[in-house]
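*Asks:* Protein chains in written order, with the working numbering: chain L, 403 to 728; chain H, 1465 to 1658.
Here a beta-carbon is modelled for each residue, glycine too, at the ideal position from N, C-alpha and C.
None of the values given here were measured: they were computed from a predicted structure.
First the structure, then my questions, so here it is.
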Amino acid sequence: MATQTRYAPDRGLTVRMTATMFLLGLVFVVFVGLIIGIMSAAHASGAAIVLVALIFGGGSAFVSLFFSDKIALAAAGAREVSPKEAPELHGIVDRLCALADMDKPRVAIAPAMMPNAFATGRNSKNSVLCVTEGLLYHSGLTQEELEGVLAHELSHVAHKDVQVMTYASLLAIVAGLLVRFAFYSELFGGGRRSSNDGNAALLIPLILVASAVVYAISFLLIRLLSRYRELAADRSGALLTQNPSALISALQKVSGGMNRIPTQDLRAAEPLNAFYFAPAMKLSGQGGGGLSAIFSTHPSLDKRIEQLAKIQRELGQPGADPRGIR
Amino acid sequence: MGFLDSLFGRTKPVQPKLDDLFGLPSAAVQIEAAMGFKPTGSGSVSFRAPEGKPFADIQKEVLELLAMDDDKPGGGLPVEVTKDTYGYTWLVSNHMSDEIDALVTDLHAVNSALVDGGFGPQLLCTLVAFTDDSHRRLSLVYLYKRGTFYPFAPLSGNNRDNALELQAKGILGDDLRMEQDLTRWFPVWGAPGL
Chain L
403 MATQTRYAPD
413 RGLTVRMTAT
423 MFLLGLVFVV
433 FVGLIIGIMS
443 AAHASGAAIV
453 LVALIFGGGS
463 AFVSLFFSDK
473 IALAAAGARE
483 VSPKEAPELH
493 GIVDRLCALA
503 DMDKPRVAIA
513 PAMMPNAFAT
523 GRNSKNSVLC
533 VTEGLLYHSG
543 LTQEELEGVL
553 AHELSHVAHK
563 DVQVMTYASL
573 LAIVAGLLVR
583 FAFYSELFGG
593 GRRSSNDGNA
603 ALLIPLILVA
613 SAVVYAISFL
623 LIRLLSRYRE
633 LAADRSGALL
643 TQNPSALISA
653 LQKVSGGMNR
663 IPTQDLRAAE
673 PLNAFYFAPA
683 MKLSGQGGGG
693 LSAIFSTHPS
703 LDKRIEQLAK
713 IQRELGQPGA
723 DPRGIR
Chain H
1465 MGFLDSLFGR
1475 TKPVQPKLDD
1485 LFGLPSAAVQ
1495 IEAAMGFKPT
1505 GSGSVSFRAP
1515 EGKPFADIQK
1525 EVLELLAMDD
1535 DKPGGGLPVE
1545 VTKDTYGYTW
1555 LVSNHMSDEI
1565 DALVTDLHAV
1575 NSALVDGGFG
1585 PQLLCTLVAF
1595 TDDSHRRLSL
1605 VYLYKRGTFY
1615 PFAPLSGNNR
1625 DNALELQAKG
1635 ILGDDLRMEQ
1645 DLTRWFPVWG
1655 APGL
């Protein structure tokens, strides 16, 4: 029997995401080529700097990947809760996991007043889903809206977004470190270099400039990728609950709440932004076009709602031939 | 989810596995013989009703289909529709306690209708209730997405009788595909038909 489905895959989103990842890969290849070129120039100090940056960058990415759940929980001051302590929350997560056939993540509650939720962990066995008290008790979300938020976060887990984003950021981390190392060695090591051949004098500034350019490009690409992954999680979450309307109203309530929240919470939450349901920091402008849009980790509210409205329409289509809307 | 699906953030809906449900009647015999638990005659199908009219239409069709045999012997009582506090819809089918075959047929009819309508991924679980002479409650829950069963024995105050559940798992291990991963045995407190 052919499996019937009402889920219409979003090819456009897949294509855009592929293009972004391809560009990231391209930048990576060019960067590695450049580094190999510099290394083969056989200048000891240049090679050492690159090596140190690789080790530090790789190490920090590894640590953040393996301890992402613990780091995030500690940063948010969150506490894991048992099914006895939070039966409702666990009940919703239980059902969503059974519906999606995925491992149930651990569930935690953070004391922040800001209404938000995040999920981290390198794989589904080691992930944790955290919601703030603000989201649970003070945001005025109905149960269905809360479910929509949780489905969005579970989609992040299912899509292994922590892994994907860590690998994607690796390049930027190394490039960023290289910029710093090259800059300092330029500052403090300038005198010692004069005895070497003339070629080498240019080497460190070359690393500096190349790394800075790579850092800037990959930073923008990563933010772009992050926005696409948010859209993908919105989409999967809405398809899981089959209730895009609830997710739309949750987004509106939570984003509205963002503007009323005291800044102390916002600062405390800043490092975790990438995996939040809605960004805690608002860059200047209300998520419109321009600079704020290309630096932001999350798509604008309008974009997210527009996509969900499309799913809404698909669900409302007549059911005569479900395969017709694939 | 495959590697590419994670990479692109795509979610493939999980299709339900239905056929294992027909193992229930023989499992009921086992449970009665080994543990003294009899079917109560009620069972339920739980699913997530999507928003929009297409699903409402299908749900209506299913109810009409199940109502057709109500007058005949073994047809059972009319199907009840309830919505639980988590927003899931439960269709509860009530039969006599010795009509487990008819009950399972009813439950399967609901499944097939939903799957044929393209709503298979919305099925959450099916539950068949048992009870013994001292009124202890035990139910078998079928997880559509995994094609496995697990026992759920509620006690008062959101506690579970784990000993009874594990006993049931041991006894039924040969007849039904039991869920081996205990973390998937999620509780369904206050499920209609329990």
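By how many angstroms is the C-alpha of Cys499/L removed from the C-alpha of Ser1603/H?
*Replies:* Taking the straight line from one Cα to the other gives about 20 Å.
*Asks:* Taking Cβ-Cβ distances below 9 Å as the criterion, which residues of the region 1619 to 1632 of chain H are in contact with chain L?
*Replies:* Of all residues in the region 1619 to 1632 of chain H, Asn1622 have a Cβ within less than 9 Å of some Cβ in chain L.
*Asks:* Suppose you measure from the CA of Ala1513/H to the CA of Pro1480/H; what does that come to, to the nearest Å?
*Replies:* Roughly 15 Å separates the two Cα atoms.
*Asks:* Quick one, are the C-beta atoms of Val483/L and Ala519/L less than 8 Å apart?
*Replies:* Their beta carbons are not under 8 Å apart, which means Val483/L does not touch Ala519/L by this criterion.
*Asks:* With 16 other CB atoms within 10 Å as the buried threshold, where does Tyr539/L fall?
*Replies:* The residue is exposed, with fewer than 16 neighbouring Cβ atoms inside 10 Å.
*Asks:* Can you tell which of Ser620/L, Gly718/L, Arg706/L has its C-alpha closest to the C-alpha of Val432/L?
*Replies:* Nearest of Ser620/L, Gly718/L, Arg706/L to Val432/L, Cα basis: Ser620/L.
*Asks:* Need the endpoints of the alpha helix (DSSP H) that Lys1517/H sits in, please.
*Replies:* Where Lys1517/H is concerned, the enclosing alpha helix (DSSP H) stretches over 1517 to 1531.
*Asks:* Reducing DSSP to helix, strand and coil, say where Glu1643/H ends up.
*Replies:* Residue state, collapsed to three classes: coil.
*Asks:* Pull up the distance between the alpha-carbon of Val1526/H and that of Leu1571/H, whole angstroms please.
*Replies:* Using only the alpha carbons, I get a separation of about 10 Å.
*Asks:* Please classify Ala476/L as buried or exposed, where buried requires at least 16 neighbouring CB atoms within 10 angstroms.
*Replies:* When all chains shown are included, Ala476/L counts as exposed.
*Asks:* For Leu1591/H, which option in Phe1519/H, Trp1554/H, Met1560/H, Gln1494/H has the closest C-alpha, if you only look at C-alpha atoms?
*Replies:* It is Trp1554/H whose Cα lies nearest to the Cα of Leu1591/H.
*Asks:* Step through the CB atoms of chain H and report whether any lies within less than 8 Å of the CB of Ala404/L.
*Replies:* Here Ala404/L scores only 36 on pLDDT, less than 50, and its place in the model should not be relied on; the value that follows carries that caveat. Taking Cβ atoms only, chain H never reaches closer than 8 Å to Ala404/L, which makes this a no.
*Asks:* Using DSSP with H/G/I as helix, E/B as strand and the rest coil, what is Asn1575/H?
*Replies:* Note: Asn1575/H maps to helix in three-state DSSP.
*Asks:* Select from Arg1624/H, Gly1654/H, Phe1613/H the residue whose C-alpha is nearest the C-alpha of Gly1634/H.
*Replies:* It is Phe1613/H.
*Asks:* Rounded to the nearest angstrom, what separates Tyr1608/H and Gly1657/H at their Cα positions?
*Replies:* For Tyr1608/H and Gly1657/H, the distance between alpha carbons rounds to 18 Å.
*Asks:* Looking at the unbroken beta strand (DSSP E) that takes in Gly1507/H, where does it start and where does it end?
*Replies:* Here the beta strand (DSSP E) through Gly1507/H covers 1502 to 1511.
*Asks:* Does the beta carbon of Thr1647/H come closer than 8 Å to any beta carbon on chain L?
*Replies:* Interface residue, yes.
*Asks:* Going by DSSP in three states, Val581/L sits in which element: helix, strand or coil?
*Replies:* Val581/L falls in the helix class under three-state DSSP.
*Asks:* Enumerate in chain order the residues of its own chain whose CB-to-CB distance from Ile575/L is below 8 Å, with the five nearest sequence positions on each side excluded.
*Replies:* So the list reads Gly459, Ser462, Ala463, once near-sequence residues are dropped.
*Asks:* Using 8 Å as the limit for Cβ to Cβ distance, is Phe1616/H near chain L?
*Replies:* So no, Phe1616/H is outside the interface.
*Asks:* Can you tell me whether DSSP reads Ala560/L as helix, strand or coil?
*Replies:* Of the three classes helix, strand and coil, the one that applies to Ala560/L here is helix, per DSSP.
*Asks:* Tell me whether the beta-carbon of Ala521/L lies closer than 8 Å to the beta-carbon of Glu555/L.
*Replies:* Yes; because the gap between Cβ atoms is below 8 Å, this pair is in contact.
*Asks:* Select from Glu547/L, Gly578/L, Leu531/L, Leu633/L the residue whose C-alpha is nearest the C-alpha of Leu703/L.
*Replies:* Ranking Glu547/L, Gly578/L, Leu531/L, Leu633/L by Cα distance to Leu703/L puts Leu633/L first.
*Asks:* Got a sec? Which residues, its chain only, sit under 8 Å from Arg1601/H by beta carbon, not counting five neighbours each side?
*Replies:* Once the five neighbours on either side are set aside, the close Cβ partners of Arg1601/H are Ala1593, Phe1594, Thr1595, Ala1617, Pro1618, Leu1658.
*Asks:* What is the rounded straight-line gap between the Cα of Asn661/L and the Cα of Lys655/L?
*Replies:* Its pLDDT being 47, under 50, Asn661/L is placed unreliably by the model, and nothing is read from it.
*Asks:* Hey, could you find the ends of the alpha helix (DSSP H) Ser1490/H is sitting in?
*Replies:* Start and end: 1488 to 1499.
*Asks:* Pairing CB atoms from the region 490 to 507 of chain L with CB atoms from the region 565 to 584 of chain L, are three or more of them under 8 Å?
*Replies:* In short, these stretches do not touch, since the Cβ pair count stays below three.
*Asks:* Over what stretch of residues does the alpha helix (DSSP H) that includes Arg625/L continue unbroken?
*Replies:* Start and end: 605 to 643.
*Asks:* Go through its chain and collect everything with a Cβ distance to Ala640/L's Cβ below 6 Å, but skip five positions before and after it.
*Replies:* Contacts found: Pro646, Leu649, Leu710, Ile713.
*Asks:* For Ser698/L, tell me which candidate among Leu622/L, Leu642/L, Arg637/L, Glu708/L has the shortest Cα-Cα distance.
*Replies:* The option with the nearest alpha carbon to Ser698/L is Leu622/L.
*Asks:* Using alpha carbons as the reference points, say which of Leu1488/H, Asp1484/H, Asp1483/H, Asp1469/H lies closest to Val417/L.
*Replies:* Nearest of Leu1488/H, Asp1484/H, Asp1483/H, Asp1469/H to Val417/L, Cα basis: Asp1469/H.
*Asks:* Going by DSSP, name the residue or residues bridged to Arg1601/H.
*Replies:* Note: Arg1601/H sits in a beta bridge opposite Thr1595/H.
*Asks:* Verify whether the separation of the beta carbon atoms of Ala577/L and Ser613/L is less than 8 Å.
*Replies:* A contact, by the Cβ cut-off of 8 Å.
*Asks:* What number of angstroms, rounded off, separates the C-alpha of Ala553/L from the C-alpha of Gly1473/H?
*Replies:* Between Ala553/L and Gly1473/H, the C-alpha separation is close to 14 Å.
*Asks:* Return the CA-CA distance between Val581/L and Asn1623/H, expressed in angstroms with no decimal places.
*Replies:* Val581/L and Asn1623/H: Cα-Cα distance of roughly 58 Å.
*Asks:* Which residues in chain L have a C-beta closer than 7 Å to the C-beta of Lys1517/H? List them in chain order.
*Replies:* By Cβ distance, chain L contributes Gly718.
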